[in-house]
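Peer 1: In this note's numbering, the protein residues as written are 7 to 421.
Have a look at this one before I ask anything.
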Amino acid sequence: MATEIVMPQLGESVTEGTIMKWLVTPGTAVIKYQPICEIMTDKVSAEVPSSLSGIITKLVATEGQTIPVGKLICYIDEQGMELAPQASTANNTKPKASNVVIPDSKHANQTYSPAVLHLAMEHSIDLARLSGTGKGGRITRKDILNYINNRHEDEHRSDHSSFSKTAASPIVEPLGSTESSQVSTPITYSMSALSTTPVTYSSNLTRTPTSAWMKIEVDITDLLKHCERASQAFERKQQLKLTYLPFILHAVVTSLKQYPAINSIWREDRIIPLQSVHVAFDVLASDKLYTPVIRNIDRLNLFGIAQSIYDLGQKAAKGTLSDTDQSEGTFSIVQSGQFGLIESQPSIPYPQLAALSIEQVTKRPVIINDMFAARSLVNLCLSYDDRVLDRMTCGRFMQQIKYELEHNSTLISLY
């Protein structure tokens with residue numbers, strides 16, 4: 007069945023685009039992210055990548071034609087891939103976990119488009135090995151695709167390609183792991199590959215990140231009622247008080263899985279994306295503020311999170327927290343609300359990229375169905391390293407947390 011490919015929106019105010027040049031013809035086999043045409047808007051000129059692998063069956067728009075955003079430009083048939091074995095081979099080859107390192111060489115100050123980085127990661131390509139054909143020697147998606155096709159031809163001729171010798175084991179970050187068998191080299195990115203402006207980063211600079219800030223308001227009225235209903239049975243069974251904090255941590259972890267770039271750390275001048283989540287949260291005990299870390303929190307249910315909060319809180323109260331208990335966090339939660347604050351800007355502890363503050367819960371009138379209602383609202387404030395993370399990703403991350411707390415938190419099983 008043919009899939010419709012439509013004119014993409016290349017900006018908030020962009021409503022249409024003009025097909026400047028088709029890069030494919032009917033019958034052409036394409037793989038995902040391969041450019042299929044060049045378009046121009048009143049703001050930008052860009053290549054349109056294919057959203058899937060398949061065969062171009064029909065070009066609906068013609069060169070020079072202006073097409074509204076969201077309107078059909080061509081058809082791609084996924085089921086036609088058996089007609090193009092080379093494209094099928096390239097698409098069906100499972101990506102190997104590998105180091106994708108942009109070295110400090112001739113490409114050190116070069117920037118790469120997201121599509122180039124995605125293809126490089128998916129196909130285990132060291133970009134330093136490629137010579138770009140774009141303007142100023144820039145590596146384009148076409149260069150990556152040509153390299154992939156050539157490499158697959160080489161693999162058919164030889165059982166051992168140069169890349170099979172250097173492929174890494176499955177990615178398991180070293181943080182929080184004590185067994186060497188669980189540790190492998192994670193993917194790394196140089197700053198030049200993630201920032202559009204080449205910058206020289208010293209050790210001192212990476213330890214004092216430039217942070218941007220955003221805030222979102224969350225209605226946790228239903229969550230508080232849910233905690234109140236479940237708390238008595240939970241406390242009787244587990245000898246633990248049930249608060250809203252485990253639910254917020256669970257929502258944060260769920261959202262980090264949706265936007266994994268935020269769950270990354272600095273390592274010298276490189277960014278290490280991590281798979282497991284280790285959340286640091288602050289505990290006030292004996293007039294001292296501690297930041298213990300819940301390791302592998304993404305593997306815990308709500309009861310496990312609540313138990314971890316309690317256990318680490320008890321250690322803090324007794325003064326028995328070790329350095330290990332307070333190290334290697336990948337994301338931080340700051341409970342500013344315990345000081346009566348309704349808005350704050352949390353600092354980002356090195357080597358993390360972001361920190362979230364939970365402000366004081368306040369009751370305020372909210373209009374629901376044209377009527378005023380008293381609702382329990384809380385502000386969540388995010389500081390993030392804007393040299394690495396962009397506003398769109400962080401904004402969507404905050405929206406996801408809000409959605410989880412307002413719609414899903416009362417549906418999650420405690421166990």
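Glycine residues also receive a C-beta, built at the ideal position from the N, C-alpha and C atoms.
None of the values given here were measured: they were computed from a predicted structure.
If we count the other Cβ atoms within 10 Å of its Cβ and call it buried at 16 or more, is V384 buried or exposed?
Peer 2: The residue in question, V384, is buried, as its Cβ has 16 or more Cβ neighbours within 10 Å.
Peer 1: Leaving aside the five residues before and after K64 along the sequence, list all residues of the same chain whose C-beta is less than 8 Å from its C-beta, in chain order.
Peer 2: So the qualifying residues of the chain are A8, P32, C80, Y81.
Peer 1: DSSP state of N385, grouped into three classes?
Peer 2: Here N385 sits in strand by DSSP.
Peer 1: Rounded to whole angstroms, what's the CA-CA distance from K408 to G70? Just pull it up for me.
Peer 2: Cα to Cα, the separation comes out at about 44 Å.
Peer 1: So what does S419 bridge to, in DSSP terms?
Peer 2: Answer is none; S419 lacks a bridge partner.
Peer 1: Would you list the one or two residues that DSSP bridges to M377?
Peer 2: I374.
Peer 1: For T297, which residues of its own chain have a beta-carbon under 8 Å away from its beta-carbon, when the five flanking residues on both sides are left out?
Peer 2: Correct list, in chain order: A286, F287, D288, V289, Q332, G335, S338, P355.
Peer 1: Rounded to a whole number of angstroms, what is the C-alpha to C-alpha distance between P252 and I374?
Peer 2: For P252 and I374, the distance between alpha carbons rounds to 27 Å.
Peer 1: Buried or exposed, going by whether 16 or more other CB atoms sit within 10 Å of the CB of A67?
Peer 2: So A67 ends up on the buried side.
Peer 1: List the endpoints of the continuous beta strand (DSSP E) containing V259.
Peer 2: It is not in any beta strand (DSSP E) - V259 instead sits in the alpha helix (DSSP H) that spans 251 to 264.
Peer 1: Check whether the segment 224 to 244 touches the segment 399 to 413, taking contact to mean three or more Cβ pairs, one atom from each stretch, closer than 8 Å.
Peer 2: Yes, the segment 224 to 244 touches the segment 399 to 413.
Peer 1: For A291, write down the residues that DSSP places opposite it in a beta bridge.
Peer 2: In DSSP, A291 forms a bridge with K294.
Peer 1: Relative to the C-alpha of A360, which candidate in I268, R276, Y250, P14 has its C-alpha closest?
Peer 2: Residue I268 is the option with its Cα nearest to A360.
Peer 1: Using CA atoms only, rank isn't needed, just tell me which of P41, F378, S350, I303 is closest to T146.
Peer 2: Taking only the C-alpha atoms, the option nearest T146 is P41.
Peer 1: Tell me whether L230 sits in a helix, a strand or coil according to DSSP, three-state version.
Peer 2: It is helical.
Peer 1: Taking contact to mean at least 3 C-beta pairs separated by less than 8 Å, is the segment 387 to 407 in contact with the segment 346 to 354?
Peer 2: Contact holds: three or more Cβ-Cβ distances are below 8 Å.
Peer 1: Am I right that L308 and L420 are in contact with their C-beta atoms under 8 Å? What's the rounded C-beta distance?
Peer 2: Going by Cβ atoms, the distance from L308 to L420 rounds to 5 Å, so yes, they are a contact pair.
Peer 1: Starting from G23, follow its DSSP beta bridges and name the residues at the other end.
Peer 2: DSSP lists I73 as partners of G23.
Peer 1: Do we get a CB-CB distance below 9 Å when we pair T139 with the residues of chain C?
Peer 2: This model lacks chain C altogether, as it is built from one protein chain only.
Peer 1: On the CB-based measure, 16 or more other CB atoms within 10 Å of its CB, does T21 come out buried or exposed?
Peer 2: It counts as exposed.
Peer 1: Assign K369 to one of three DSSP states: helix, strand, or coil.
Peer 2: Note: K369 maps to strand in three-state DSSP.
Peer 1: So, V1 versus L136, is the Cβ gap smaller than 9 Å?
Peer 2: For the chain, the structure presents residues 7 to 421; residue 1 sits outside this window and is missing.
Peer 1: Tell me where the beta strand (DSSP E) around T63 begins and ends.
Peer 2: Its beta strand (DSSP E) spans residues 60 to 65.
Peer 1: L255: buried (16+ other C-beta within 10 angstroms of its C-beta) or exposed?
Peer 2: Counting Cβ neighbours within 10 Å, L255 comes out buried, since at least 16 surround it.
Peer 1: Can you list, in chain order, the residues of its chain with a C-beta nearer than 8 Å to that of G142? Leave out the 5 residues immediately preceding and following it.
Peer 2: Cβ within range, chain order: n/a, list empty.
Peer 1: Take S382 and list the residues in its own chain whose beta-carbon comes closer than 6 Å to its own, dropping the five residues that flank it on each side.
Peer 2: Taken in chain order, the residues that qualify are I226, T227, L230, V367, K369.
Peer 1: Could you check whether I315 and V340 sit closer than 9 Å to each other, using their CB atoms as the reference points?
Peer 2: Not closer than 9 Å, so no.
Peer 1: Entirely within the segment 303 to 339 and at least 4 residues each: give me those alpha helix (DSSP H) ranges in chain order.
Peer 2: Qualifying alpha helix (DSSP H) stretches, in chain order: 308 to 324.
Peer 1: Can you give me the Cβ contacts of N302 inside the same chain, cut-off strictly under 6 Å, excluding the 5 residues immediately before and after it?
Peer 2: The answer, listed in chain order, is S282.
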